[in-house]
Ligand code: NAD
């Protein structure tokens, strides 16, 4: 028996970056270094750097004329090459012992915590326009946590064995990797999701093709280098940036597709699932489909809510990272009786929000990710501006001349089914609907039925009965439900993350429930004294 045991990990502590700290100095130096160069990013297939000449750009969203890198995009030939390289790596990686695999991922955790910390943070701040705090909780702490907690959860999963082995038998379950490859497709908004989507299946012995979002290839490239430095063998994770609608279908139809690990929009995920359904007879096994997708995350406040706590949750929950968290608060239901006090405090606070360059540490908000996002988000704001059903309470202005800046915008609507109460906007836009306190129970039903999503949501109340009622009525409205707290900021090992309904398969990233999707169990019964005669006692004559 191996002595190898992984002890319970601790969450990586958030550094303060206060003036005078070493982390602040290191981060500034890294920002200067990265901005002072323009790099070329290749594909990585079977450990080899591959260049196609079909180029995309990584830019700074808050200063979009600044190019950080140019990246090569995969075409059909490279996708096929990557599938072959993965198949080759599978031969050794799928039988590698757990101790070796886990050791590599724990090493990744060490590298992300130390040597690579400020590269991941600076590249995330520059390419995704995150403030230092938003980068730190994502590209440092959460990346470290995924690399440390997943091996621990994998160990826990492996310990799930049959309860009984009556003599003379021994029963066991082997948690085998899937046959074939896993397609990991990550979104633009979290470096940590980019780290987790390919690495969770790889930890379990799978081989992976990883396609990061085109607007976030830059930090993803540094993660690939970190994987290599930690000792991940060539071909285990193959890096194939490119256009999703081009790369996706070629990969998805391949008979060796064993799994899809996706985070992104609901539309894209549903399209991928349809492709799998259409080709179901062609696969060698039934692909595991894991997807975390969109949300229309709610806040409902009861008359008994603590006003200051509610206001802070609204400002942070709706506007941090420009509302581009899948968990961001985007619809709020407030009782008419507390509105005047909450409105005053909320508007006052939003008016103090500073927006600008991510490198100016005094800013709370920066730019949205790209032109497409800018146009989509501002079209919702314009819709509200021109509607009789809505008024703009804060913000409403936008400017993309230098960076893709949109003010923190709050819409007050009379219609609980107003467009911005129902559709995912994915930007700094919060819509508020006021309800009469006597309709508390009906309003809970309204919250539950208004959107097709079920990702996150929060309730604010000090009245215990109201909290109980909300908890029950909203049982299926959110996979991550918060009581007297904002609906964002889930931490690995504390609030396993994921939603149901149209928000995804709810396989809870950073938990054993996710890892279990990347293994296929083989049950083994060993008999040390097998029967020597086929007759049973009942067959004997009386
Ligand atoms: P997106 O759906 O536009 O893109 C996600 C990824 O899918 C990208 O890598 C993209 O290139 C790829 N893609 C696009 N078309 C494809 C296709 N046909 N085949 C294969 N891949 C394809 O999403 P985004 O704009 O990057 O991210 C924002 C969305 O992600 C929002 O809807 C948000 O709610 C969601 N999100 C959800 C979670 C969660 O945990 N539930 C977390 C983060 C983001």
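Residue numbers (our numbering): 1206 to 1747.
In this text, a Cβ means the ideal position worked out from N, Cα and C, and glycines have one as well.
Just to confirm my understanding: we take residue i, look at its own chain, exclude 5 residues before and 5 after, and list those with CB closer than 7 angstroms. What are they?
i: residue 1830; result: Because the chain in this structure spans residues 1206 to 1747, residue 1830 falls outside the shown range and cannot be described.
i: residue 1703; result: 1497, 1684, 1709, 1711, 1712, 1713, 1714
i: residue 1363; result: 1303, 1380
i: residue 1547; result: 1512, 1515, 1516, 1539
i: residue 1436; result: 1309, 1312
i: residue 1691; result: 1518, 1521, 1522, 1534, 1663
i: residue 1344; result: 1325, 1326, 1329, 1396, 1397, 1424
i: residue 1385; result: 1461, 1462, 1463, 1489, 1490
i: residue 1262; result: 1272, 1275
i: residue 1686; result: 1662, 1679
Might you give, ordered along the chain, the residues of its own chain that have their beta carbon closer than 6 angstroms to the beta carbon of residue i, omitting 5 neighbours on each side?
i: residue 1375; result: 1731
i: residue 1572; result: 1266, 1267, 1334, 1608, 1609, 1610
i: residue 1737; result: none
i: residue 1493; result: 1464, 1722
i: residue 1407; result: 1413, 1441, 1442
i: residue 1158; result: With the chain covering only 1206 through 1747, there is no way to say anything about residue 1158.
i: residue 1339; result: 1526
i: residue 1259; result: 1278
i: residue 1290; result: 1250, 1251, 1440, 1443
i: residue 1510; result: 1665, 1666
Using only alpha-carbon positions, find the residue among the options that is nearest to residue i.
i: residue 1446; options: 1319, 1688, 1217, 1249; result: 1249
i: residue 1328; options: 1689, 1289, 1272; result: 1272
i: residue 1628; options: 1474, 1470, 1301, 1735; result: 1470
i: residue 1254; options: 1501, 1223, 1278, 1452; result: 1278
i: residue 1550; options: 1625, 1520, 1264; result: 1520
i: residue 1395; options: 1382, 1654, 1341; result: 1341
i: residue 1634; options: 1651, 1657, 1600; result: 1600
i: residue 1778; options: 1504, 1409, 1425; result: Outside the displayed span of the chain (1206 to 1747) sits residue 1778, for which this structure offers no information.
i: residue 1582; options: 1558, 1344, 1529; result: 1529
i: residue 1706; options: 1658, 1680, 1490, 1724; result: 1658
i: residue 1462; options: 1210, 1484, 1554; result: 1484
i: residue 1198; options: 1506, 1502, 1698, 1567; result: Outside the displayed range of the chain (1206 to 1747) lies residue 1198, so it cannot be described from this structure.
i: residue 1314; options: 1290, 1479, 1728, 1351; result: 1351
i: residue 1320; options: 1231, 1336, 1288, 1366; result: 1231
i: residue 1217; options: 1724, 1544, 1741, 1699; result: 1699
i: residue 1370; options: 1728, 1670, 1422, 1747; result: 1728
i: residue 1532; options: 1660, 1632, 1637, 1419; result: 1660
Strictly by DSSP, which residues pair up with residue i?
i: residue 1415; result: 1389, 1444
i: residue 1270; result: DSSP lists no partner for residue 1270.
i: residue 1595; result: 1618
i: residue 1382; result: 1724
i: residue 1685; result: 1661
i: residue 1437; result: In DSSP, residue 1437 forms no bridge with anything.
i: residue 1275; result: 1245, 1262
i: residue 1374; result: 1732
i: residue 1604; result: 1610
i: residue 1253; result: 1250
i: residue 1560; result: 1570
The beta strand (DSSP E) with residue i in it runs from where to where?
i: residue 1503; result: 1502-1506
i: residue 1617; result: 1614-1618
i: residue 1588; result: Premise fails: residue 1588 lies in the alpha helix (DSSP H), 1576-1590, not in any beta strand (DSSP E).
i: residue 1340; result: Not the beta strand (DSSP E): residue 1340 falls in the alpha helix (DSSP H), residues 1337-1340.
i: residue 1702; result: Where residue 1702 is concerned, there is no enclosing beta strand (DSSP E), given that its DSSP letter is neither H nor E.
i: residue 1261; result: 1260-1265
i: residue 1534; result: 1534-1540
i: residue 1494; result: 1493-1497
i: residue 1467; result: 1462-1468
i: residue 1215; result: Looking at the DSSP string, residue 1215 is not in any beta strand (DSSP E), and its letter there is neither H nor E.
i: residue 1641; result: Neither: residue 1641 is in no beta strand (DSSP E) and is coded neither H nor E.
Can you give me the start and stop residues for the alpha helix (DSSP H) that residue i sits inside?
i: residue 1517; result: 1512-1524
i: residue 1363; result: 1348-1363
i: residue 1229; result: 1227-1240
i: residue 1569; result: Run containing residue 1569: none; DSSP gives neither H nor E here.
i: residue 1654; result: 1645-1655
i: residue 1631; result: Taken as a continuous stretch (DSSP letters only), residue 1631 belongs to no alpha helix (DSSP H), as it is neither H nor E.
i: residue 1322; result: 1322-1333
i: residue 1710; result: Segment: none, residue 1710 is in no alpha helix (DSSP H) and carries neither H nor E.
i: residue 1429; result: 1422-1434
i: residue 1305; result: 1303-1318
i: residue 1528; result: Here residue 1528 belongs to no alpha helix (DSSP H), and DSSP marks it neither H nor E.
i: residue 1397; result: 1396-1408
Once the 5 residues before and after residue i are set aside, which same chain residues still bring their CB inside 8 angstroms of it?
i: residue 1641; result: 1540, 1541
i: residue 1720; result: 1355, 1358, 1359, 1362, 1405, 1408, 1409
i: residue 1297; result: 1438
i: residue 1213; result: 1357
i: residue 1285; result: 1455
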